[in-house]
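What follows is one structure encoded as structure tokens, with my remarks underneath.
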Amino acid sequence: MSRASGREIDARADEFFAVFERATAAAEAAVAIQRELGSRAWADDLAEVRVRVGIHSGRPTLTDLGYIGLAVHTTARVCSAAHGGQIVVSAATRVAIGASAPTGIRFRSLGRHRLPGLPDAERLFQVLAPGLRLKFPRPRTGRRQPDDRRARPENRIRAGEGQLELPEPPV
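Per the working numbering, the very first residue in the sequence shown carries number 64; after that it's consecutive.
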């Protein structure tokens, strides 16, 4: 993770939260982690260890207690949608990476899914790269949403920025 300029923010039990300045760096770190776990020999006849990785690009608020906000919650929900061994990214991350995806990394659309506690369905993508598992069951979410190409105005992606523009929460 540190090779990709990421910073550990929190680690509890089996959860790990890190931030990156660039979405491409987060994707590279996730692929490296999955490859490392997939190639490691485990003790006690453990066949393999699989972790879920979720990546979302947004603008959380940094407080004395850490990062907070809708971007943090969205990241957690994207991660929860993944299966062990899988890397799932949000539409905002896919846009942020754009055409600058690291060599060998591609994306497969998983469609739009309702994520618990979020107001709108989120388009999800699976990261594909050499050395990673390719096939997984459908995302661990509620029912898949029909694709609606007409984006709601409050969720439009700003041209040139690659960030999701979120409405201000009610006060």
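We put the beta carbon where it would ideally sit given N, CA and C, even for glycine.
Here the structure is a predicted model, which means the values were calculated and not measured.
Taking all protein chains shown into account, I150 has 16 or more neighbouring C-beta atoms within 10 Å of its C-beta and is therefore buried.
DSSP places H176 in the strand class (E or B) of the three-state scheme. Nearest C-alpha to A192 among A74, V82, A92 and I72: A92. A Cβ-Cβ separation of about 6 Å places A145 in contact with V116 under the 8 Å criterion. If you look at Q97, you'll find it in the alpha helix (DSSP H) that goes A86 to S102. In terms of CA proximity to A88, G161 leads the group A76, G161, A74 and S172. L197 sits away from L187, with the two beta carbons spaced by 8 Å or more. One Cα belongs to A106, the other to A155, and the distance between them is close to 38 Å. In the structure shown, the three-state DSSP call for L191 is strand.
With distances taken between CA atoms, L178 lies nearest to S143 out of R122, I131, S143 and I118.
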